[in-house]
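Participant: Here it is, the structure in full.
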Amino acid sequence: MRSRRLHWLAAFGAALPVGCQTVQTTRGGAVAVDRPQQMSVLAPSEVQVQVQVQGEAARQYAQVKQGAAQKGALNRDAKQTERVRAIAQKLIPQTAVFRDDAPAWKREVVVLTSPQINAWCMPGGKIAVYSGLIEKLQLTDDELAAVIGHEIAHALREHTRERMGRAAPVQLGATILGAVYGTGAGDLGNLFGQAMFVLPNSRENEQEADRIGVELAARAGYDPRAAVTL
Ligand SMILES: [Zn+2]
């Protein structure tokens with residue numbers, strides 16, 4: 000059954016133009032991040048790819064939350080959660096500078112109790128901040144805004160999707176097709192998980208996230224110099 004499905008996908012995938020397309024995920028803003036991005040796409044629908052990736056992000060985010068809740072590690076400190084959410088809420092409206100669709104993303108912000116110094120924002124805007132980051136580095140609001148702004152910027156630039164395409168350009172096309180037609184969502188999950196949590200961002204992507212993050216923080220009224228002190 001499985002091999003037949005793969006043959007079908009391979010045949011169908013081969014019949015469709017799977018390849019790279021230059022896309023512009025964001026506008027330049029004041030910081031002018033304007034590198035054209037090569038995204039693996041499957042005609043006819045760039046939007047379809049975006050929807051599937053955001054859908055997979057939402058599923059995996061729900062899993063992360065569920066796992067944390069079972070360990071009592073989800074939003075354990077109400078004050079800390081409120082602080083992180085308040086900062087994120089000031090940053091989010093500023094995303095309109097870079098993308099028209101971003102302010103309407105179905106965002107969520109959680110704090111995970113963990114010693115890890117970590118934070119991330121998934122495609123589509125779902126955010127996690129680890130308590131280790133806040134506590135071990137004793138971050139000020141300005142510094143926290145710089146970190147969250149940086150992570151939001153990765154999502155605005157769709158760097159995860161870019162990594163998915165780089166890691167497996169043809170596989171991404173096939174998995175998106177599989178997800179659209181309900182035959183291969185698991186493959187999409189693997190590819191997304193790899194790109195989101197395992198594969199590193201390129202230096203170039205980090206620089207883009209730094210620049211956009213600084214602008215988001217500054218526009219939200221935070222001191223952009225905090226990014227430097229980090
Ligand atoms: Zn980064």
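When we follow numbering that gives the first Met the number 0, the leftmost residue of the sequence shown carries the number 0, and every step to the right adds one.
Heads up, the beta-carbon is just placed ideally off N, CA and C, and yes, glycines get one too.
Since this is a predicted model, take the numbers as computed values, not measurements.
1. In chain order, which alpha helix (DSSP H) runs of at least 4 residues are fully inside the region 48-123?
2. With C-beta atoms as the reference, is Ile126 less than 7 Å away from Val110?
3. Let me check understanding here. Comparing Cα to Cα, which of Glu142, Asn204, Gly148 and Gln93 lies closest to His158?
4. Indicate, with yes or no, if ligand 1 has a heavy atom lying under 6 Å from the CB of Glu203.
5. Quick check on Ala29: does DSSP put it in helix, strand or coil?
6. Considering only residues of the same chain and omitting the five flanking positions on each side of Ala67, which have a CB-CB separation below 6 Å?
7. Just the C-alpha distance for Leu215 and Glu81, rounded to the nearest angstrom, thanks.
8. Exposed or buried, what is Leu176 when buried is set at 16 or more other beta-carbons lying within 10 Å of its beta-carbon?
9. CA-CA distance, Asp33 and Thr24?
10. What are the boundary residues of the beta strand (DSSP E) that Ala178 is part of?
11. Taking C-alpha atoms, which residue in His153, Thr174 and Gln88 lies nearest to Arg202?
12. Provide the residue span of the beta strand (DSSP E) that contains Ala127, from first to last.
13. Looking only at DSSP bridge pairs, what is Gln20 linked to?
14. For Asp222, collect the residues of the same chain with a Cβ closer than 7 Å to its Cβ; drop the 5 residues on either side in sequence, then sort them by chain order.
15. Is DSSP giving Glu203 helix, strand or coil here?
16. Would you mind working out which of Gly71, Ala57 and Pro114 sits nearest Gly124, comparing C-alpha positions?
17. May I ask whether a heavy atom of ligand 1 can be found less than 6 Å away from the beta carbon of Ala118?
18. Report buried or exposed for Thr94, applying the criterion of at least 16 other Cβ atoms within 10 angstroms of its Cβ.
19. Measuring only the C-alpha atoms, how far is Ala173 from Ala118?
20. Can you tell me whether Ala208 sits near ligand 1, meaning its C-beta is under 6 Å from at least one heavy atom of the ligand?
21. For Ala216, name the three-state secondary structure that DSSP assigns.
22. Could you check what DSSP says for Gln137 in three-state terms: helix, strand or coil?
23. By the 10 Å Cβ neighbour count, where 16 or more other Cβ atoms means buried, how is Ala103 classified, buried or exposed?
Facilitator: The short version:
1. 77-90
2. In the sequence shown, the residue the question calls residue 126 occupies position 127. In the sequence shown, the residue the question calls residue 110 occupies position 111. Against a cut-off of 7 Å, the Cβ pair of Val110 and Ile126 comes out as no contact.
3. The residue labelled residue 158 in the question sits at position 159 within the sequence shown. It is Asn204.
4. Here the question's residue 203 lines up with position 204 in the sequence shown. Checking the Cβ of Glu203 against ligand 1 gives no.
5. Translated into positions along the sequence shown, residue 29 becomes position 30. Reduced to three states, the DSSP call for Ala29 is coil.
6. Counting from one through the sequence shown, the residue named residue 67 turns up at place 68. Leu73 and Leu111, listed in sequence order.
7. Numbered from its first residue, the sequence shown carries residue 215 at position 216. Numbered from its first residue, the sequence shown carries residue 81 at position 82. Near 20 Å, if we compare the C-alpha coordinates of Glu81 and Leu215.
8. Start at 1 with the first residue of the sequence shown, and residue 176 comes out as number 177. With 16 or more other Cβ atoms within 10 Å, it is buried.
9. As a first step, residue 33 must be located in the sequence shown, where it is residue number 34. As a first step, residue 24 must be located in the sequence shown, where it is residue number 25. Roughly 9 Å separates the two Cα atoms.
10. Numbered from 1 along the sequence shown, position 179 holds the residue referred to as residue 178. Where Ala178 is concerned, there is no enclosing beta strand (DSSP E), although the alpha helix (DSSP H) it sits in stretches over Pro168 to Val179.
11. Here residue 202 corresponds to residue number 203 of the sequence shown, with the count starting at 1. Minimum Cα distance to Arg202 is reached at His153.
12. Within the sequence shown, residue 127 is the residue found at index 128, counting from 1. From DSSP, the beta strand (DSSP E) with Ala127 extends over Lys125 to Tyr129.
13. Counted from its first residue, the sequence shown places residue 20 at position 21. Looking at the DSSP assignment, Gln20 forms a beta bridge with Met38.
14. Numbered from 1 along the sequence shown, position 223 holds the residue referred to as residue 222. For Asp222, where only same-chain residues beyond five positions count, the Cβ hits under 7 Å are Asp141.
15. Residue numbering aside, residue 203 sits at position 204 when the sequence shown is read from its first letter. Helix.
16. Reading the sequence shown from its first residue, position 125 is the one you call residue 124. Here the closest residue by C-alpha is Ala57.
17. Counting from 1 along the sequence shown, the entry for residue 118 is found at position 119. No; taking the cut-off as 6 Å, the Cβ of Ala118 has no heavy atom of ligand 1 nearer than that.
18. Indexing the sequence shown from 1 puts residue 94 at position 95. So Thr94 counts as buried.
19. Taking the sequence shown and counting its residues from 1, one reaches residue 173 at position 174. Taking the sequence shown and counting its residues from 1, one reaches residue 118 at position 119. Roughly 30 Å separates the two Cα atoms.
20. Looking up residue 208 in the sequence shown gives position 209. True, at least one ligand heavy atom lies under 6 Å from that Cβ.
21. Within the sequence shown, the letter at position 217 stands for residue 216. Looking at Ala216 - three-state DSSP - the assignment turns out to be helix.
22. Start at 1 with the first residue of the sequence shown, and residue 137 comes out as number 138. Note: Gln137 maps to coil in three-state DSSP.
23. Taking the sequence shown and counting its residues from 1, the one referred to as residue 103 is at position 104. So Ala103 ends up on the exposed side.
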